[in-house]
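Engineer:
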Amino acid sequence: MSLPRTYLRPLRYAVQLAFLLLTLFIGHQFYQFVKHFEAAGNPFVQRPPSVDAFLPIGGLMAFKYFLLTGIVDPVHPSGFILFVSILGVSLAMKKGFCGWICPVGTLSQYVWTAGEKVLGRNFRIAGFTDSALRSLKYVLLGLFVLAIGVMPMWSMAMFFIGDYYKTVDVRMMKFFTEMTGTTMWVLIALAGLSILYKNFWCRYLCPYGALLGLLSRFSPVKVRRNEENCIHCHACTAHCPTMIDVEKKDVVKSAECFGCMTCVSRCPSKGALELTVGSGKKSRAVKPWLFPVVLIVLFYLIIGIGMTTDNWHSKVPYEDYQALIPAVQKDYMKH
Ligand code: SF4
Ligand code: SF4
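Okay, so the sequence shown: first residue is -6 according to the working numbering, each after it adds one.
1) Would you tell me roughly how many angstroms separate the C-alpha atoms of Tyr293 and Gln9, rounded to the nearest one?
2) If you compare alpha carbons, which of Val239, Asp162, Glu267 and Met326 is closest to Phe26?
3) Quick one: is the Cβ of Val239 within less than 8 Å of any heavy atom of ligand 2?
4) When every heavy atom of ligand 2 is checked, does at least one fall within less than 8 Å of the C-beta of Leu266?
5) Does DSSP put Leu266 in a helix, a strand or coil?
6) Would you say the stretch 178 to 189 touches the stretch 209 to 222, given that touching needs at least three Cβ pairs under 8 Å?
7) Please report the distance separating the alpha-carbon of Asp45 from that of Lys263.
8) Would you report the Cα separation of Tyr0 and Val257, rounded to the nearest angstrom?
9) Within 10 Å of its beta-carbon, does Phe116 have 16 or more other beta-carbons around it, so buried, or fewer, so exposed?
10) Would you call the stretch 55 to 69 and the stretch 302 to 313 in contact, with 3 or more CB pairs under 8 Å?
11) State the beta-bridge partners of Val216 as determined by DSSP.
12) Quick one: what does DSSP say Ala55 is sitting in, helix, strand or coil?
13) Determine the burial state of Trp147: buried for a count of at least 16 other Cβ atoms within 10 Å of its Cβ, exposed for fewer.
14) For Arg277, report the span of its beta strand (DSSP E) as first-last.
15) Rounded to a whole number of angstroms, what is the C-alpha to C-alpha distance between Ile289 and Val111?
16) DSSP puts Phe116 in a beta bridge; with which residues?
17) Leaving out five residues before and five after Leu126 in sequence, what residues of the same chain have Cβ atoms less than 7 Å from its Cβ?
18) Just the Cα atoms here: how many angstroms apart are Val321 and Leu139?
19) How would you call Asn35, buried or exposed, if buried means at least 16 neighbouring beta carbons within 10 angstroms?
20) Would you decide whether Arg114 is buried or exposed? Buried here means 16 or more other CB atoms lie within 10 Å of its CB.
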């Protein structure tokens, strides 16, 4: 029997697609912004601040800088705001950013779904190997946190005012638009592994996801299973994209859960699987559609605070871009 909750999957696919298209639009706008400075005759296009979402390491540095000085990095302020927004939504709404908003997660999902359709199944790394591989993303996260943690403040301040940092977004774009042979082969290998294994990048390698997973443990929002109503049909476990054995849990506490609501939408037994807020006996079931609504509202609320406090658009003047972007282009032509 199909329950009305099946709407959750198309809803999620639509939200994911909308954010993916938004990312492509932002990427295209940024590409045009860069082209304006690289060759005469290209019209000026405003730099889209959201492009700083692709600078999570800069966001982490700016976060430390803000905590210790109270100053928001003026070069990529939106990077800091987006970093805080993504951390904030993870504290409140689990790894909902990964499951509903992140374009890399969406692409990863498209790739493993295609793999499943073509090969008839996805493969699974189990047991110790899976645990060992999953720890890789925490190791990477630890290395980044350590490197930024020990970085002296004066060194960070110098980095923030340096020319390299002003064009780090341009360099990031060129990493993809003018990729080296090595980068291309690494991406092909990752795509190949993602065809075979569900969410290979997210599950094993993404340090950002590792950080969000750790924060998500504090989220008051959880998927809970009610043994009395469960008919043990196995649908939740079979369809969970992060391979959590939901059928055997009373409460899904895993740092891998990205709140996609697939399990809730697949459950055929009323009252067996609920989205809940609060802990223990004080928890209460809420409508699962509230998950993406609160997630997106909170995400944009924090961005809105950044905008209204003038911490969104970069303070780098036009003349600096005019001098620096062609120099980056020359650097890349030498490669
Ligand atoms: S447990 Fe449910 S909400 Fe969490 S990732 Fe698995 S299917 Fe999605
Ligand atoms: S999908 Fe629902 S009924 Fe089936 S095993 Fe999971 S919780 Fe139980």
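Ideal Cβ placement from N, Cα and C applies to all residues, glycine included.
Structural biologist: Taking the geometry as given:
1) Residue numbering aside, residue 293 sits at position 300 when the sequence shown is read from its first letter. Residue numbering aside, residue 9 sits at position 16 when the sequence shown is read from its first letter. Their Cα atoms are separated by approximately 15 Å.
2) Taking the first residue of the sequence shown as 1, we reach residue 26 at position 33. Nearest option by C-alpha distance: Asp162.
3) As a working mapping, residue 239 is identified with position 246 in the sequence shown. Yes; taking the cut-off as 8 Å, the Cβ of Val239 has a heavy atom of ligand 2 nearer than that.
4) Indexing the sequence shown from 1 puts residue 266 at position 273. Under cutoff, so the answer is yes.
5) The count along the sequence shown starts at 1 and reaches residue 266 at position 273. Note: Leu266 maps to strand in three-state DSSP.
6) no
7) The residue you call residue 45 lines up with position 52 of the sequence shown. The residue you call residue 263 lines up with position 270 of the sequence shown. Looking at the two C-alpha atoms, the distance is approximately 43 Å.
8) As a first step, residue 0 must be located in the sequence shown, where it is residue number 7. As a first step, residue 257 must be located in the sequence shown, where it is residue number 264. Their Cα atoms are separated by approximately 11 Å.
9) As a first step, residue 116 is located in the sequence shown; it is residue number 123 there, counting from the start. Label assigned to Phe116: exposed.
10) As far as the Cβ criterion goes, the stretch 55 to 69 touches the stretch 302 to 313, which means the pair count is three or higher.
11) Locating residue 216 in the sequence shown gives position 223, counting from the first residue. Answer is Val245 and Leu268, bridged to Val216.
12) Position 62 of the sequence shown, counted from the first residue, corresponds to residue 55. Three-state result, Ala55: helix.
13) As a first step, residue 147 is located in the sequence shown; it is residue number 154 there, counting from the start. Flag for Trp147 reads exposed.
14) Taking the sequence shown and counting its residues from 1, the one referred to as residue 277 is at position 284. Start and end: Arg277 to Val279.
15) If you number the sequence shown from 1, residue 289 lands on position 296. If you number the sequence shown from 1, residue 111 lands on position 118. Between Ile289 and Val111, the C-alpha separation is close to 33 Å.
16) Within the sequence shown, residue 116 is the residue found at index 123, counting from 1. DSSP lists Tyr190 as partners of Phe116.
17) Sequence index remark: in the sequence shown, residue 126 carries index 133 (1-based). Ile118 and Tyr197, listed in sequence order.
18) Here residue 321 refers to the residue found at position 328 when the sequence shown is read from its first residue. Here residue 139 refers to the residue found at position 146 when the sequence shown is read from its first residue. Looking at the two C-alpha atoms, the distance is approximately 29 Å.
19) Within the sequence shown, numbered from 1, the residue matching residue 35 stands at position 42. The residue is exposed, with fewer than 16 neighbouring Cβ atoms inside 10 Å.
20) For this step, residue 114 is matched to residue 121 along the sequence shown. Classification of Arg114: exposed, given that the 10 Å Cβ count is below 16.
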